Every structure is written in structure tokens, then in C-alpha cells.
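Here the sequence shown is numbered in the numbering used here, starting from 1267 and rising by one per residue. Glycine residues also receive a C-beta, built at the ideal position from the N, C-alpha and C atoms. As the structure is a prediction and not an experimental result, all values here were calculated from the model.
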Amino acid sequence: MNYRNYLEIVYPIEKRKIEIYMPWVIIQRIISLPFLGLSIFLKISPNFISLISIFLILIASFLIVLNFLVFGILALTLAVIFDCVDGELARVSKKTSILGERLEFLGADFFTMIGIPSIAIWLFVYNDLSTFILFLCFLSASLSVFARNYFEFDCNFDLKKLNFTEKIIISWSKNQININHTSLLVSIMFFLRMNLTTQDGILFLVIVLSGFFYPQNIFYLVIFVSISQIVFVSLIIFADILKNKITTN
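Below, the structure written as C-alpha cells:
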């Protein structure tokens, strides 16, 4: 197998189209290559890598709460990178499965529910974060997980029947990348959500760097993540309302 064919399997063009505006994901892909090679050599299954990623999230949160912020953020970063490795390994080994997809969703939910919120707990215990901000962090995380698991879209929309506002709201989903291509503003909205509210976003990379070098700035970043999550969850709720309107017309 030549290099181009191998690249297409590990990192298919569909993912490249989505991730080209997500610099942190591109960095993850590069860092993940040695782990991918080692996993292939040791014949480790993709699902086992997913379990390692979930375990690292739990360990990271535990370390952060115990005031080992740098080690906790390092473990959290490794968890995100391993989340890349499992998908790459599944494509290379052709071992994709429903269990693997569920583990991936579980890992994303774990990160949202206890990853950033554990940093909020660290700020609350060791840096006098207000109770209100702590509550806001957990509320935004809970709403994000709820929205991701509850709201589903029928991807068979007739794009010609969607008005401009509907396209912007519905574009929250990765599955709607074809809608994103119809408008520059829609694309900006989509990639803002990905970069500001997920573990694959540039904002998480800034949190990682801040944790290593400027931990005093994490306070503002955590608040920014929480507010962003609430804003985009609100858009998702309106999108579901619009979905029902579209399907009934």
C-alpha cells in the first residue's frame, strides 16, 4: 500500500474537509501517529484504545481535583489524542463496530461532563471560584451532553427548502457539512461551535497551554467555554423546533 492510499484510510478526505479549520485536531493527528503505529505493532483493538481514553479522562479529573493540575491536564490531553487513535486504528484494521461508536460517544460525554468541570472544581477549591460559576460550568456541561444525546436530525433535508436562518441553526452537526458549504457565515458558525465547545477545539488547546504556563488565566477560559456551550445548546434546541416545523410542512 502506497503512502496516498494509507493516508486516505487513516485520514479520509471527508474528515480533512471538516478538520481543516480546527488546528488542534490537526496537531492531534500528528501526535497520534506514533501511538497508532505502536497499537498496530502490538495488535491492540480500537475498543481497548477507547477504554484507555475514557480511563485517562477519569484519572485526569482525579489528579486535577487533588491539585495536580499540570499532570491532570497532561492526562486529559492524552485522552483526547487517544480518542483520535481509536478511530484511525479502526479504519486501518477495518474493525469498526457499533460498540466502538458507543465508546466514542461515551468518551465525548465523559470529557464534557467531568473534563472541564474538574478544572472548575480546582478553581473553586484552590482559587476561590464563585459557587455560581461552578454551577454554570456543570449546567453548561450537562446541557451539552443532554443535547448531543437527545436531539437528532433527519439528514435528508431538501436544502432548497431551508431558509438562511434555518441553515445556520441546523449547521451545528458534523453530518450537515454539506449545509456549511452553502454559506460562509454558516461555516463560521459551525467551526466556532467546534472550536469553542468541544475537546477538539482551539479553545481547549489554549486551556492546555494555559494550564502548563499561565494557570491564573484558566478562570476566564473556563467561563468562556461554559458560556459558549450554553449559547450553542440554545441554537440546538431551536434547531430541533425548526426540524419539526420542516418535517410537518
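Cutting at 7 Å between CB atoms, please list the residues of its own chain near residue i, excluding the five before and the five after it.
| i | result |
| --- | --- |
| L1294 | Note that residue 1294 corresponds to Gln in the displayed sequence, not to Leu. Cβ neighbours of Q1294 beyond the five flanking positions: V1346, I1347 and C1350. |
| V1336 | G1477 and F1478 |
| W1290 | D1466, G1467, I1468, F1470 and L1471 |
| P1383 | C1403, F1404 and A1407 |
I need the straight-line Cα distance from residue i to residue j, nearest angstrom please.
| i | j | result |
| --- | --- | --- |
| I1380 | I1323 | 8 Å |
| F1485 | S1406 | 15 Å |
| L1369 | S1311 | 13 Å |
| L1520 | N1483 | Because the chain in this structure spans residues 1267 to 1515, residue 1520 falls outside the shown range and cannot be described. |
| R1282 | F1301 | 20 Å |
| S1216 | I1496 | This structure cannot settle anything about residue 1216, because the visible part of the chain is limited to 1267 through 1515. |
| S1410 | F1307 | 37 Å |
| N1393 | A1386 | 10 Å |
Please determine, among the options, the residue with the shortest C-alpha to C-alpha distance to residue i.
| i | options | result |
| --- | --- | --- |
| V1391 | N1415, Y1416 and F1334 | F1334 |
| V1358 | F1401, F1314, S1305 and L1389 | S1305 |
| R1414 | V1331, R1282, F1371 and G1303 | F1371 |
| P1309 | D1352, E1367 and I1296 | The sequence given here places Lys at residue 1309; Pro does not occur at that position. That would be D1352, whose Cα lies nearest to the Cα of K1309. |
| A1326 | I1318, G1338 and T1463 | G1338 |
Would a check of beta-carbon distances place residue i closer than 8 Å to chain D?
| i | result |
| --- | --- |
| I1473 | Going by chain labels, chain D is absent from the structure shown, which holds only one protein chain. |
Skipping 5 residues on each side, what residues in its chain have a beta carbon closer than 8 Å to that of residue i?
| i | result |
| --- | --- |
| V1472 | L1487 |
| L1365 | N1313 |
Quick check on residue i: buried or exposed, where buried means 16 or more other Cβ atoms within 10 Å of its Cβ?
| i | result |
| --- | --- |
| T1343 | buried |
| S1363 | exposed |
| N1461 | buried |
| S1492 | buried |
| S1494 | buried |
| S1500 | exposed |
| S1298 | buried |
| I1286 | exposed |
Tell me which residues share the same chain as residue i and place their Cβ nearer than 6 Å to its Cβ, disregarding the 5 neighbours each side in the sequence.
| i | result |
| --- | --- |
| F1376 | I1320 and I1323 |
In three-state terms, what does DSSP make of residue i?
| i | result |
| --- | --- |
| T1464 | coil |
| M1288 | coil |
| F1321 | helix |
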